[in-house]
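Residue numbers (the UniProt record's numbering), protein chains in the order written: chain V, 1 to 238; chain S, 1 to 238.
Note that the Cβ used here is the ideal one computed from N, Cα and C, for glycine as well.
To start, the structure itself, in structure tokens.
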DNA sequence: CGACCAGTTGACGTAGATCAACCCATGTGG
DNA sequence: CCACATGGGTTGATCTACGTCAACTGGTCG
């Protein structure tokens, strides 16, 4: 399994060298994905899990004539870990930009868990944080306006990317379009564009081509009323 | 632990008599809760989990001057199961109407898992379904209008209550207010009221006092474009 | 008896959707 | 090497679903 994932689990939960070795030796294949390439579709039955190594993935559902992006995923995430126990996908999983994933069969993970029961809790915890993020977005979408939603999105990404070492000099690579951001935030692309312009005018966001910079992160977090508690980052201090 | 939970796990996952006995013997206390009584608040560190035995609970977050209900919980749910691994609450947990819960210490659950590793997967799966429900509501809140959101809510409750034997003659006890429904659906109470009136006029919903009846469930599910796939009910046929 | 709360209704205000151009960079085929 | 198509981004005009405000009803409770 990939280093980025192992490093994250290491810093979040602390791994014994034994566990680390076991994770390293999980059989897997590396797969490269092109822009907008689909990994899994609604209704598919998965028999593998994918750990994102580089790039971005998102999950989406088509609802009526709309596309809703349910979540964005950064390297180190295993966005289909739930297929271990809920094999039928209730949404699509898609790559944005060029990305690479490590694909490991369910059987390999299950035997990993048998040999190292302590790892079960570590992976379970990963799915709990995933759930906490969804829960947070239920709040965002139900109770916040456009400005706060878009602001929260960039704040959250900064924290999650920082956690895997991909947020440097207040910047990160971001191959999504404004329309993608709109689909995350439950907004139209026109209104999303205007909201981003407000963030730009307030010097809270610089977004050109595929790079996003947050020149004044604290101010952005304050403006968006963002708190990273739900991402459970305190584990970093372990 | 409570029968309602055990019965659900039984039908969902299938339990050996050994596992069932172990679940039955988990030490716990029964606690009765009044209307709007709080169990846990944002920031609390939990050292117990509660399994809902009767009544309703909801999770909420205060966002600005608004209250967002993140999820509703029916008997058989363990809405704070995640505190096993994420001890700090990022939201409040509150009772509606009179309800009873079984309170079991984390330590008891952890030793249960040690003695019966197979139960870990069953409980993990429970948290995955919890996450699937949040994910679904991200879609609902991001992409559906008021009519669909409110309709989806009643459809979902019917399925979840049916699963634990609390949906009979197309009816269930429902001690929430219209304002509560508004807080689930991310709507104002005035607009929620008007939306409910539309459902009533279309003979899809009868709601008087604390009882809800869905006289034409299929039609309601069609109108709300509801599909129960995400609740993973197929396990019922096991 | 008044206080309070859920529900209901009407009038009005607004955030954000929709529609329709237009710009610009990139890519493609003749 | 140009002609044109395509897809992001941007802008302005208009529309609408929903929020807000305010008033009134009818139960319930002390």
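How would you call residue i, buried or exposed, if buried means at least 16 neighbouring beta carbons within 10 angstroms?
i, result
"residue 191(V)", "exposed"
"residue 225(V)", "exposed"
"residue 18(S)", "exposed"
"residue 215(V)", "exposed"
"residue 195(V)", "buried"
"residue 222(S)", "exposed"
"residue 36(V)", "exposed"
"residue 39(V)", "buried"
"residue 314(V)", "Here chain V covers residues 1 to 238 and nothing more, so residue 314(V) does not appear."
"residue 4(S)", "buried"
"residue 75(S)", "buried"
"residue 14(V)", "exposed"
"residue 197(V)", "exposed"
"residue 83(S)", "buried"
"residue 122(V)", "buried"
"residue 21(V)", "exposed"
"residue 126(S)", "buried"
"residue 95(S)", "buried"
"residue 200(V)", "exposed"
"residue 273(V)", "Since the first and last residues shown for chain V are 1 and 238, residue 273(V) lies out of range."
Kindly indicate the opening and closing residues of the alpha helix (DSSP H) around residue i.
i, result
"residue 33(S)", "Residue 33(S) -> not in any alpha helix (DSSP H); beta strand (DSSP E) instead, spanning 29-33."
"residue 195(S)", "189-201"
"residue 46(S)", "That residue, residue 46(S), is in no alpha helix (DSSP H); it is neither H nor E in DSSP."
"residue 223(S)", "217-223"
Looking at the unbroken beta strand (DSSP E) that takes in residue i, where does it start and where does it end?
i, result
"residue 172(V)", "171-173"
"residue 6(V)", "First-last for residue 6(V): 3-13, but that is the alpha helix (DSSP H), not the beta strand (DSSP E)."
"residue 178(S)", "First-last for residue 178(S): 178-185, but that is the alpha helix (DSSP H), not the beta strand (DSSP E)."
"residue 18(S)", "Not the beta strand (DSSP E): residue 18(S) falls in the alpha helix (DSSP H), residues 17-24."
"residue 242(V)", "Outside the displayed span of chain V (1 to 238) sits residue 242(V), for which this structure offers no information."
"residue 104(S)", "92-105"
If you reduce the DSSP assignment to three classes, tell me which class residue i lands in.
i, result
"residue 142(V)", "helix"
"residue 230(V)", "helix"
"residue 52(S)", "strand"
"residue 212(V)", "strand"
"residue 63(V)", "strand"
"residue 236(S)", "Its pLDDT being 39, under 50, residue 236(S) is placed unreliably in this model, and the value from its coordinates should be taken loosely. In the structure shown, residue 236(S) sits in a helix (DSSP, three-state: H, G or I)."
"residue 70(V)", "strand"
"residue 78(V)", "coil"
"residue 204(S)", "coil"
"residue 57(V)", "strand"
Checklist entry - Do the segment 134-142 of chain V and the segment 56-70 of chain S make contact, defined as three or more Cβ pairs closer than 8 Å? => result yes
Checklist entry - Taking a cut of 9 Å between CB atoms, which residues from the segment 77-109 of chain S lie near chain V? => result 81, 82, 84, 85, 86, 88, 90, 91
Item to check | the segment 143-158 of chain S / the segment 72-83 of chain V touching (three or more Cβ pairs under 8 Å) | outcome: no
Item to check | Positions along the segment 134-147 of chain V whose CB lies within less than 7 Å of some CB in chain S | outcome: 134, 135, 137, 138, 139, 141, 142, 143, 144
Next on the checklist: Does the contact criterion of 3 or more C-beta pairs under 8 Å hold for the segment 127-141 of chain V versus the segment 201-216 of chain V?
Outcome noted: no
Next on the checklist: For the segment 13-31 of chain V against the segment 98-108 of chain V, do three or more pairs of beta-carbon atoms, one drawn from each stretch, fall closer than 8 Å, so that the two count as touching?
Outcome noted: yes
Checklist entry - Is the number of C-beta pairs between the segment 52-61 of chain S and the segment 125-134 of chain V that are closer than 8 Å three or more? => result no
Next on the checklist: Tell me whether the segment 2-12 of chain S and the segment 162-180 of chain V touch, counting them as touching only if at least three CB pairs, one residue from each stretch, are closer than 8 Å.
Outcome noted: no
Next on the checklist: Which residues of the segment 178-202 of chain S have a Cβ closer than 9 Å to any Cβ of chain V? Give them in chain order.
Outcome noted: 183, 184, 185, 186, 187
Item to check | Within 8 Å of chain V by C-beta, residues of the segment 119-130 of chain S in sequence order | outcome: 120, 121, 124, 125, 127, 128, 129, 130
Next on the checklist: Beta carbons nearer than 8 Å to chain S: which residues of the segment 34-45 of chain V have them?
Outcome noted: none
Checklist entry - Any chance the segment 88-98 of chain S sits against the segment 36-52 of chain S, with 3 or more Cβ pairs inside 8 Å? => result yes
Checklist entry - Quick one, which residues of the segment 206-232 of chain V are near chain S if we go by CB-CB under 8 Å, in chain order? => result 225, 229, 230, 232
Item to check | Residues of the segment 6-25 of chain V whose Cβ lies closer than 7 Å to any Cβ of chain S, in chain order | outcome: none
Checklist entry - Between the segment 45-65 of chain V and chain S, which residues of the former have a C-beta closer than 8 Å to a C-beta of the latter? => result 59, 61, 63, 64
Checklist entry - Which residues, in order along the segment 146-161 of chain S, keep a beta-carbon less than 7 Å from a beta-carbon of chain V? => result none
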